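J.:
2 protein chains.
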Amino acid sequence: MRCGAIIAAAGSSRRMHGLDKTLAQLAGRPALAWVLDAVAAVPEIAELVVVVSPANHVAASTLCQATPLAARTVVCLGGTHRQDSVRAGVERLSPEVELVLIHDAARPLVTPELLRRGIEAGAAWGAAVAVVPVSDTIKQVDASGQVVSTLDRSSLVAAQTPQVFRRDWLEAAYRHWPPHAPPATDEAMLVERAGFPVQTFPGSPDNLKLTTEADLAVAAALLARRRQGAWA
Amino acid sequence: MRCGAIIAAAGSSRRMHGLDKTLAQLAGRPALAWVLDAVAAVPEIAELVVVVSPANHVAASTLCQATPLAARTVVCLGGTHRQDSVRAGVERLSPEVELVLIHDAARPLVTPELLRRGIEAGAAWGAAVAVVPVSDTIKQVDASGQVVSTLDRSSLVAAQTPQVFRRDWLEAAYRHWPPHAPPATDEAMLVERAGFPVQTFPGSPDNLKLTTEADLAVAAALLARRRQGAWA
Chain A
4 MRCGAIIAAA GSSRRMHGLD KTLAQLAGRP ALAWVLDAVA AVPEIAELVV
54 VVSPANHVAA STLCQATPLA ARTVVCLGGT HRQDSVRAGV ERLSPEVELV
104 LIHDAARPLV TPELLRRGIE AGAAWGAAVA VVPVSDTIKQ VDASGQVVST
154 LDRSSLVAAQ TPQVFRRDWL EAAYRHWPPH APPATDEAML VERAGFPVQT
204 FPGSPDNLKL TTEADLAVAA ALLARRRQGA WA
Chain B
4 MRCGAIIAAA GSSRRMHGLD KTLAQLAGRP ALAWVLDAVA AVPEIAELVV
54 VVSPANHVAA STLCQATPLA ARTVVCLGGT HRQDSVRAGV ERLSPEVELV
104 LIHDAARPLV TPELLRRGIE AGAAWGAAVA VVPVSDTIKQ VDASGQVVST
154 LDRSSLVAAQ TPQVFRRDWL EAAYRHWPPH APPATDEAML VERAGFPVQT
204 FPGSPDNLKL TTEADLAVAA ALLARRRQGA WA
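Protein chains in written order, with the working numbering: chain A, 4 to 235; chain B, 4 to 235.
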């Protein structure tokens, strides 16, 4: 199964005070550069589409051209929501691609091993999402901030990327999603709602998502720690 | 309302490879020392009970004696589960204490401001828990690892400590909890199940819980960042 990867790098970084997390400096290099390194180390990824915003188009294109992936990479503009952006990326994959790996540029600590685990799980199950156990106690609250209930943590997981899907399932899920529904928070949610079985596989606690500026310090600390060993 | 604080420091640190997170070194000082600093800066806390394990009893006692809190601090041994440990601590508070603040030693980045916010919320509502928005997509999975559903993130929060309760509500909740039920993952859960309304107040994303060794690097990075400014 020919695999193509989509890197979602068109986010608005609202909680970063205007700093684009795709280009945020981490141990001296932009977050996107770390992701491209990991992707370049996975030969099973035959094609790559990096979906960017108008604001980071030039910088992201320059980064992509500087990697060994350049010849098999397309940079394209995203849409209003994450879901639209990834969909625009999927449309740019060649017709031969049957398996689509999706990864957030805002998760720069992904490893080649984790990408490969995603591809294997996606090929085996048709739809697979990296998850980690939920270590927090999760509560449901009402609009006034009062607790409604504490959820049973043992049945909960936090979804990460990579998420890997059969292309035909993903495209069917896009067609199935009601046009005016609120956007999905990840692609697995689209595929679940279309009725396809989605399997989980182990992500990594280090594979954090840059959301706030504090996360940059955290990611830099994890990268420094990784340098002392191998890829986690 | 006289306020007493319980610091839960009797955890087994299972995911720390034998390292006790209460005593883990963070920027040159044990995690517990950072918590004691924050508590010492909140004069509203009239009494303190630090609940420890047999293994860290001596070290924790030494730390407590070295703080300005020493005269109003008791160190006692915990029980099998977190819930038993905190309960043992509550029993050591003087009868005058009407409001109980509970905080995890494994959250060393708590600030005096956050503790004070907890006390105000607990006094106002009777039961209050620090929470942060859930930034991850949370999914429910079945025993085989297949996704059952994606939860609506907008109604979910992750509970932290401090958690602050009227003492009479907390003690009623202990009596209400069935003797052979699985232990609660936080005190708010006990109080919720006893039918008392539990209100949320804003915690802090920096107020992370040390769970894995990687969290130590993360916490050190956040502490270094904090030194550049004030308490977050």
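Even for Gly, the Cβ is constructed at its ideal location relative to N, Cα and C.
Here the structure is a predicted model, which is why all the values come from computation and not from measurement.
(1) Just how far apart, CA to CA, sit residue 193 (chain B) and residue 51 (chain B)?
(2) Based on DSSP bridge pairs, tell me the residues matched to residue 80 (chain B).
(3) Mark residue 213 (chain A) as exposed unless 16 or more other C-beta atoms lie within 10 angstroms of its C-beta, in which case mark it buried.
(4) Thinking just about the alpha-carbon of each residue, which of A:122, A:189 and A:225 is nearest to the one in residue 205 (chain A)?
(5) What three-state label does DSSP hand residue 11 (chain B) in the structure shown?
(6) Can you tell me whether residue 202 (chain B) is buried or exposed, with buried defined as 16 or more other CB within 10 angstroms of its CB?
(7) Counting Cβ pairs, one atom from each stretch, are 3 or more of them under 8 Å apart for the region 22–38 of chain A and the region 5–12 of chain A?
(8) Quick check on residue 195 (chain B): buried or exposed, where buried means 16 or more other Cβ atoms within 10 Å of its Cβ?
(9) Which residues of chain A have a Cβ atom closer than 7 Å to the Cβ of residue 160 (chain B), listed in chain order?
(10) Just reading off the alpha helix (DSSP H) that residue 85 (chain B) is part of, what are its end residues?
(11) Name, in chain order, the residues that DSSP records as bridge partners for residue 33 (chain A).
(12) Going by DSSP, what residue range makes up the alpha helix (DSSP H) through residue 65 (chain B)?
(13) Answer yes if the region 172–183 of chain B comes into contact with the region 152–166 of chain A, meaning at least three C-beta pairs across the two stretches below 8 Å, and no otherwise.
(14) I'd like to confirm the pairing. Which residues does DSSP put opposite residue 212 (chain A) in its beta bridges?
(15) Counting only beta-carbon atoms, is residue 15 (chain B) nearer than 9 Å to chain A?
(16) Report the neighbours of residue 209 (chain A) on chain B: residues whose CB is nearer than 8 Å to its CB, in chain order.
(17) Taking 9 Å as the CB-CB cut-off, is residue 93 (chain A) touching chain B?
(18) Is residue 120 (chain A) close to chain B? Criterion is C-beta to C-beta, closer than 9 Å.
(19) Is residue 191 (chain A) near residue 114 (chain B), with beta carbons less than 9 Å apart?
(20) Contact criterion: CB-CB distance below 9 Å. Does residue 156 (chain A) meet it with respect to chain B?
(21) Within 10 Å of its beta-carbon, does residue 124 (chain A) have 16 or more other beta-carbons around it, so buried, or fewer, so exposed?
T.: Taking the structure as given:
(1) For this step, residue 193 (chain B) is matched to residue 190 along the second sequence. For this step, residue 51 (chain B) is matched to residue 48 along the second sequence. Approximately 21 Å, taken between the alpha carbons.
(2) Your numbering for residue 80 (chain B) matches position 77 in the second sequence. For residue 80 (chain B), which the question treats as bridged, DSSP gives the partners B:55.
(3) Here residue 213 (chain A) refers to the residue found at position 210 when the first sequence is read from its first residue. It counts as buried.
(4) Here residue 205 (chain A) refers to the residue found at position 202 of the first sequence. Per the Cα distances, A:122.
(5) For the purposes of this step, residue 11 (chain B) is identified with residue 8 of the second sequence, where counting begins at 1. The answer is strand: DSSP assigns residue 11 (chain B) an E or B state.
(6) Within the second sequence, numbered from 1, the residue matching residue 202 (chain B) stands at position 199. Flag for residue 202 (chain B) reads buried.
(7) yes
(8) Numbered from its first residue, the second sequence carries residue 195 (chain B) at position 192. So residue 195 (chain B) ends up on the buried side.
(9) Looking up residue 160 (chain B) in the second sequence gives position 157. Near residue 160 (chain B) (Cβ distances below 7 Å), the residues of chain A are 142 and 144.
(10) Residue mapping note: residue 85 (chain B) aligns to position 82 of the second sequence, counting from 1. Counting along the chain, the alpha helix (DSSP H) containing residue 85 (chain B) begins and ends at 85–94.
(11) Counting from 1 along the first sequence, the entry for residue 33 (chain A) is found at position 30. For residue 33 (chain A), which the question treats as bridged, DSSP gives the partners A:28.
(12) Stepping through the second sequence from its first residue, residue 65 (chain B) is reached at position 62. 60–68 is the span of the alpha helix (DSSP H), which, as asked, contains residue 65 (chain B).
(13) no
(14) Against the first sequence, residue 212 (chain A) aligns to sequence position 209. Bridge partners of residue 212 (chain A): none, in fact.
(15) On the second sequence, residue 15 (chain B) is found 12 positions in, with the first residue counted as 1. It does not: the Cβ of residue 15 (chain B) has no partner Cβ on chain A nearer than 9 Å.
(16) Counted from its first residue, the first sequence places residue 209 (chain A) at position 206. Those within 8 Å of residue 209 (chain A) in chain B are 217.
(17) Indexing the first sequence from 1 puts residue 93 (chain A) at position 90. It does not; no Cβ of chain B falls within 9 Å.
(18) Your numbering for residue 120 (chain A) matches position 117 in the first sequence. No, because no Cβ of chain B sits closer than 9 Å to the Cβ of residue 120 (chain A).
(19) Indexing the first sequence from 1 puts residue 191 (chain A) at position 188. Indexing the second sequence from 1 puts residue 114 (chain B) at position 111. Not a contact, by the Cβ cut-off of 9 Å.
(20) For the purposes of this step, residue 156 (chain A) is taken as residue 153 along the first sequence, with counting starting at 1. It does; some Cβ of chain B falls within 9 Å.
(21) Locating residue 124 (chain A) in the first sequence gives position 121, counting from the first residue. So residue 124 (chain A) counts as buried.
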